[in-house]
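These protein sequence lines are chains A and B, in that order. For the first sequence, numbering that gives the first Met the number 0 assigns the number 0 to the initial residue and increments by one for each residue that follows. For the second sequence, numbering that gives the first Met the number 0 assigns the number 0 to the initial residue and increments by one for each residue that follows. Yeah, the Cβ is synthetic: ideal placement off N, Cα and C, and Gly gets one too.
Number of protein chains: 2
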Amino acid sequence: MRLFARHGFAAVSMRQIANEVGVQAGALYNYTPDKQSLLFDLMREHMDALLAAWQAEDPGGDDPRARLEAFTRFHIRFNTRRADAVFVSYMELRNLTAENFEAVTEMRRVYETRLEEILCAGKDAGVFTLAEPRITAMAVIALLTGVNTWYREAGRLNLDEVETLYWDMVRRLVEG
Amino acid sequence: MRLFARHGFAAVSMRQIANEVGVQAGALYNYTPDKQSLLFDLMREHMDALLAAWQAEDPGGDDPRARLEAFTRFHIRFNTRRADAVFVSYMELRNLTAENFEAVTEMRRVYETRLEEILCAGKDAGVFTLAEPRITAMAVIALLTGVNTWYREAGRLNLDEVETLYWDMVRRLVEG
DNA sequence: TAGGTAACTGAACGACCGTTCAGATAAAAG
DNA sequence: CTTTTATCTGAACGGTCGTTCAGTTACCTA
Chain A
0 MRLFARHGFA AVSMRQIANE VGVQAGALYN YTPDKQSLLF DLMREHMDAL LAAWQAEDPG
60 GDDPRARLEA FTRFHIRFNT RRADAVFVSY MELRNLTAEN FEAVTEMRRV YETRLEEILC
120 AGKDAGVFTL AEPRITAMAV IALLTGVNTW YREAGRLNLD EVETLYWDMV RRLVEG
Chain B
0 MRLFARHGFA AVSMRQIANE VGVQAGALYN YTPDKQSLLF DLMREHMDAL LAAWQAEDPG
60 GDDPRARLEA FTRFHIRFNT RRADAVFVSY MELRNLTAEN FEAVTEMRRV YETRLEEILC
120 AGKDAGVFTL AEPRITAMAV IALLTGVNTW YREAGRLNLD EVETLYWDMV RRLVEG
């Protein structure tokens, strides 16, 4: 994942990957049928982990505001800790076969829908004001994922401060 | 740019590029010293065009709210019309030499600063409420650029409707 | 029209690619 | 310890890569 993130899927050779884990290139084929499947497996595992982690962290209940704050903080924390996987899972979609692409994209859709449901619940409860829940969900995810482009662990702000800043933005965005 | 966006820089050969413009691979070297410079030139021209286009469209003046709306609409319109260039200029930064990377990144910083200045002006004028202008600027840009992941010309919403939806979100985000 | 210049071709170079596989090696089972 | 099974090596395969360049073609200038 690190090599794919740093150099791009096509620019990384099976020999480089093998060297990174201390074997010869041929040995990799005991674990993956080909290079493409290796990429797909990495992506699928990342998306699986994302969905499972949110499922474990979603407070549920009937307080959409609390759930949205939990989502905001979860998304930032999860994604900054796995920046390579996030980058690869978005950027290397084009290197997947049609059916593998569809599988990863479907998992992304499911994740978006998790957020959309929170937004709809808040809208129905009258605590959120939004015209297009699906678009707002994608906008919020783009906003939050953007943290990855600038956040560094050694930076001025720690993760909790970043979460608070972004929760403030997300809150305003949906409360009008 | 289309080939780089679709397949990735490393996955596109000089022979493919040459074929796309109807010459042999060798002829390309009358226009670029090597493949890397070709990528850099495409990126630099894109960033140049972005900065120049905003400079031409910025209403200026002392109405930060109007300027922010202009920025929002400009960014969406410009970026959706050049989706390939936007994608490449973000994703393929890693394929640049250190100095070329710095050059493109600097232009990106300038663009972010254009927005940051508007936010600061609004903050000083008391019409915007925000604690971290730089971070808010990057957050807004990430939010707006996210349109590219889902917007299609043939979709349900036309560009003006999308701009209005996002301006509504940006407005809330800064007005608190 | 003649001469010069810019652009392009087509072949070649060495290097590296993903993948395969016979044989060597290590680990597990009996 | 012997046999079986799982892993790994190292070489090889046919291809493709970025780049170069001598020679050809197309265009402009005088």
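- With a 10 Å radius around the Cβ and a threshold of 16 neighbouring Cβ atoms, Ser-12(B) comes out exposed.
- Those residues of the region 3-19 of chain B placed with their C-beta closer than 9 Å to a C-beta in chain A are Ala-4, Arg-5, His-6, Gly-7, Phe-8, Ala-9, Ala-10 and Val-11, ordered along the chain.
- Per DSSP, the unbroken alpha helix (DSSP H) holding Pro-132(B) starts and ends at 132-144.
- In the DSSP annotation of this structure, the continuous segment of the alpha helix (DSSP H) that includes Glu-68(B) starts and ends at 63-80.
- Under the Cβ distance rule, Glu-105(B) does not count among the residues neighbouring chain A, no pair being separated by less than 9 Å.
- Taking a Cβ-Cβ cut-off of 7 Å, the neighbours of Ile-134(B) in chain A comprise Leu-164, given in sequence order.
- Contact annotation: Ala-138(B) and Leu-142(A) have beta-carbon atoms nearer than 9 Å.
- Ala-102(B) sits in a helix when the DSSP states are folded into three classes.
- For Val-146(A), the closest of His-45(A), Ala-17(A) and Asn-78(A) by C-alpha to C-alpha distance is Asn-78(A).
- Each of Ile-117(B), Leu-92(B) and Thr-31(B) was checked against the Cα of Met-106(B), and the nearest Cα belongs to Leu-92(B).
- Residue burial annotation: Thr-148(B) is exposed, with fewer than 16 other C-beta atoms found within 10 angstroms of its C-beta.
- Contact of Asn-94(B) with chain A is assigned, a C-beta pair being separated by under 9 Å.
- In the DSSP assignment, Arg-14(A) falls within the unbroken alpha helix (DSSP H) covering 13-20.
- Met-0(A) is outside the set of residues whose beta carbon lies under 9 Å from a beta carbon in chain B.
- Secondary structure note for Gln-23(A): it is in no alpha helix (DSSP H), with a DSSP letter that is neither H nor E.
- From the beta-carbon of Glu-131(A), the residues of chain B found nearer than 7 Å are Leu-164.
- Per DSSP, reduced to three states, the secondary structure at Gly-121(A) is helical.
- Only residues of its own chain outside the window of five on either side were considered, and among them Met-0 and His-45 have a CB closer than 6 Å to the CB of Ala-84(B), listed in chain order.
- Look at Ile-117(A): its C-beta is not under 9 Å from any C-beta on chain B.
- Around Glu-131(B), the same chain offers no residue with a beta carbon nearer than 8 Å, after the five sequence neighbours per side are excluded.
- The beta carbon of Ile-16(B) lies closer than 7 Å to those of Leu-2 and Leu-27 in the same chain, with the five residues before and after it left out.
- Around the C-beta of Thr-135(B), 16 or more other C-beta atoms lie within 10 Å, and the residue is accordingly described as buried.
- Excluding its 5 nearest sequence neighbours in each direction, Leu-114(A) has C-beta neighbours in its own chain below 7 Å: Phe-70, Ala-136, Val-139 and Ile-140, listed in chain order.
- Pairwise C-beta distances place the region 61-76 of chain A in contact with the region 155-166 of chain A, as three or more of them are shorter than 8 Å.
- With a beta-carbon spacing of about 11 Å, Leu-95(A) and Val-87(A) fall beyond the 8 Å limit used to define contacts.
- Around Met-90(B), the beta-carbon contacts reaching into chain A at under 7 Å are Met-90.
- When 7 Å is used as the limit between beta carbons, Arg-171(A) is near these residues of chain B: Arg-171, Leu-172 and Gly-175, in chain order.
- Distance from the Cα of Arg-133(A) is smallest, within the candidate group Lys-122(A), Arg-5(A), Glu-111(A) and Ala-153(A), for Glu-111(A).
- Leu-37(B): member of the alpha helix (DSSP H) spanning 34-56, first to last residue.
- Within 10 angstroms of the beta-carbon of Glu-101(B) lie fewer than 16 other beta-carbons, which makes it exposed.
- Per DSSP, reduced to three states, the secondary structure at Met-0(A) is coil, with no helix or strand assignment.
- In the DSSP assignment, Val-169(A) falls within the alpha helix (DSSP H) that extends over 158-174.
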